[in-house]
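Basically the working numbering = 1-based index in the sequence shown + 122. Here a beta-carbon is modelled for each residue, glycine too, at the ideal position from N, C-alpha and C. All of these numbers come straight from a predicted model, not from anything done at the bench.
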Amino acid sequence: MTSAISNLRPPTPPDSRPRVLYLSVHDPHVPLSGAGARVFQFIDFFSQRYQLDLVYLDGSGQPPIPALSQRYADRLPQVGRKVCVDFSRRDYFLFSWKLYRAAREMLESRHYDLIICDYGLSAVYGLLLTRRFGVPFIYCSHNVEHLSYLDKAKRDPRRLPLALYVYLVERMAVRRADLVVPITQADADFFQRWGPRRAMVVVPQGFDKQVFNTDYTRARNEPRVVLFCGNFQIPANREVVETVVRHILEPVVRARPNTVFRFVGAHPPLELAGPHVEFTGFSETYPLPLQMADVVISPIRQGRGFPTKILEALACGKPTISTPVGARAIEPDYAALEVCEIADFPGRIIAALDRDEPVIIEDFPLLRERYAWKTNLARLAEAIDDIIDRARPHANFPTASDLGVPA
């Protein structure tokens, strides 16, 4: 007779991984913009490596779209506790007491080894919480935020009074954070006036090589498709449509009448639609619209940060034409990339359509080496482990090989 004791399973050992509290003022679930895609990738990666709890402000700098929030709510299944704070413009642009209280209650109820603050003014919460609880914090920057505010104030004067507040928070965060994660080398150079370079790890925008690659059937379009992707509630993206309609569309269509300019993204300016201009709205099948395009354009006139959509277009081998501002932070050594001023766009688009080469494969190995998410995030994880290890000397961390990252 078998003993009942022999059928008992051994107790599950406690999870000894470090515990991380992740704060964001951007919903990481809904891929409305490059910022959302970046926050998602960070949380997805680190929730596999650490015990990770999440507090975030709903929306994306704008009120959330309920249908999309529901559609993507089940992403990030490995995150432990999640607290979603209702969006308000005051909370986003100034300070959210609800978000701060939720994070504070988390820290009061259990031990955390690290706080990661991601996007925009999230650093203000890290500054307050690290002072109260003594937990190390990391600030993940998507921009030199106060310079972005000054740029936007030229078109929206309401931004100007906030620029000083953003400057003070940003400078203090760079000085006091245990680690700063800039998105470009240029941003790191700027932050170096406030803090040592050794306390920074640059992590550029990246792409998932399983999703964005050249392994798909090339498009055969009638009419030919010139594509731009972006969230059109962002003024710089909305301005792109106006630029195309006023300066680019007519000479291209006159030379190649069988051409349509397609704009993919949420909040489209439908009043600008026409015979050769179409809006598809937010795409739940992205990057399929990218793969199906003949040419991708980015006639951006203003902006900072990192050009996510250009990176994704190049990873898919798309002939890509951009302004210097649109291609900021992207190396110029890609066969598929052309950088020019707005006046030259019509001629470059016509030439690209005539070449009829909608998938250019030779750039992908270099793009993968520079921008694959897993590689760059594993590099960041090494720096994070060092910070945690100083406060928790006996922690056992998975190695890069454990995460499937080549040495």
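Reduced DSSP secondary structure (H/G/I, E/B, other) of residue i
| i | result |
| --- | --- |
| Arg450 | coil |
| Glu491 | helix |
| Ala372 | Reading off the sequence, residue 372 comes out as Glu, not Ala. In the structure shown, Glu372 sits in a helix (DSSP, three-state: H, G or I). |
| Ile472 | helix |
| Gly242 | helix |
| Asp524 | Confidence in Asp524 is poor, its pLDDT being 46 and thus under 50, which makes the residue's placement too unreliable to answer from. |
| Tyr101 | For residue 101 there is no data in the structure shown, the boundaries of the chain being 123 and 529. |
| Ile432 | helix |
| Arg139 | coil |
| Tyr144 | strand |
| Glu292 | helix |
| Leu216 | coil |
| Val161 | helix |
| Gln332 | coil |
| Lys204 | strand |
| Asp478 | coil |
| Leu282 | helix |
| Met322 | strand |
| Tyr178 | strand |
| Leu349 | strand |
| Gly403 | strand |
| Leu459 | strand |
| Thr497 | helix |
| Leu301 | strand |
Cβ shell of residue i (< 8 Å), same chain only, five flanking positions each side left out
| i | result |
| --- | --- |
| Pro186 | Asp149, Val152, Asp180, Phe209 |
| Asp137 | Gln173 |
| Cys438 | Phe334, Asn335, Thr336, Tyr338, Pro409, Leu412, Gln413, Val481 |
| Thr365 | Pro421, Arg423, Ile464 |
| Asn498 | Val325, Pro326, Gly328 |
| Ala321 | Ala299, Asp300, Leu301, Val302 |
| Val142 | Phe168, Tyr172, Gln173, Leu174, Asp175, Tyr234, Asp235, Leu236, Ile237, Ile238 |
| Glu344 | Asn380 |
| Val447 | Ile422, Arg423, Gln424, Gly425 |
C-beta contact flag for residue i and residue j at 8 Å
| i | j | result |
| --- | --- | --- |
| Tyr241 | Val147 | yes |
| Ile237 | Val257 | yes |
| Cys351 | Gly328 | no |
| Lys440 | Ala473 | no |
| Leu502 | Val323 | yes |
| Leu251 | Ala224 | no |
| Gly585 | Tyr214 | Nothing about residue 585 can be reported from this structure: the residues present for the chain run from 123 to 529 only. |
| Arg346 | Leu475 | yes |
| Val382 | Glu393 | no |
| Val348 | Arg384 | yes |
| Arg531 | Pro357 | The structure shown does not extend to residue 531, since the chain is modelled only from 123 to 529, so the question has no answer here. |
Near the ligand ADP: residue i beta-carbon under 7 Å from a heavy atom
| i | result |
| --- | --- |
| Gln163 | Looking for the ligand ADP in the displayed structure turns up nothing, as the structure carries no ligands at all. |
Pick from the options that is closest to residue i, judged by C-alpha positions
| i | options | result |
| --- | --- | --- |
| Leu371 | Asn343, Cys262, Pro421, Val177 | Pro421 |
| Val374 | Asp213, Leu459, Ile419 | Ile419 |
| Trp219 | Val246, Ala189, Leu272, Arg298 | Val246 |
| Leu199 | Asp213, Pro357, Glu400, Leu176 | Reading off the sequence, residue 199 comes out as Pro, not Leu. Cα-wise, what sits closest to Pro199 is Leu176. |
| Glu406 | Gln170, Glu479, Arg193 | Arg193 |
| Pro512 | Leu392, Asp278, Asp235 | Per the sequence presented here, residue 512 reads as Arg, with Pro not at that position. Among Leu392, Asp278, Asp235, the Cα nearest to that of Arg512 belongs to Asp235. |
| Pro487 | Lys331, Met294, Ile165 | Lys331 |
| Leu249 | His233, Leu290, Gly448 | Leu290 |
| Arg197 | Pro188, Ile165, Glu479, Thr430 | Ile165 |
| His398 | Pro429, Leu489, Val363 | Val363 |
| Val417 | Glu361, Asp478, Pro446 | Asp478 |
| Met228 | Ala189, Ser191, Ile260, Tyr178 | Tyr178 |
| Val205 | Arg212, Arg211, Ala195 | Ala195 |
Nonlocal neighbours in the same chain, by C-beta distance under 6 Å from residue i, ignoring five residues either side
| i | result |
| --- | --- |
| Arg139 | Tyr172, Gln173 |
| Glu292 | Glu267, His268 |
| Tyr222 | Tyr247 |
| Glu460 | Ile443, Arg470 |
| Val201 | Ser169, Leu174, Leu176 |
Own chain residues within Cβ distance below 7 Å of residue i, not counting five before or after
| i | result |
| --- | --- |
| Ala285 | His268, Tyr271, Leu272, Ala275 |
| Gly403 | Ala388, Pro390 |
| Glu434 | Phe329, Phe334, Pro409, Leu412 |
| Ala458 | Leu436, Gly439, Lys440, Pro441, Thr442, Ile482, Asp485 |
If we count Cβ pairs, one from each stretch, closer than 8 Å, do we get three or more for the segment 303–312 versus the segment 264–277?
-> Yes, the segment 303–312 touches the segment 264–277.
Tell me, please, whether the segment 454–469 touches the segment 499–506 by the rule of three or more beta-carbon pairs shorter than 8 Å.
-> Taking a cut-off of 8 Å on C-beta distances, the segment 454–469 does not touch the segment 499–506, as fewer than three cross pairs fall below it.
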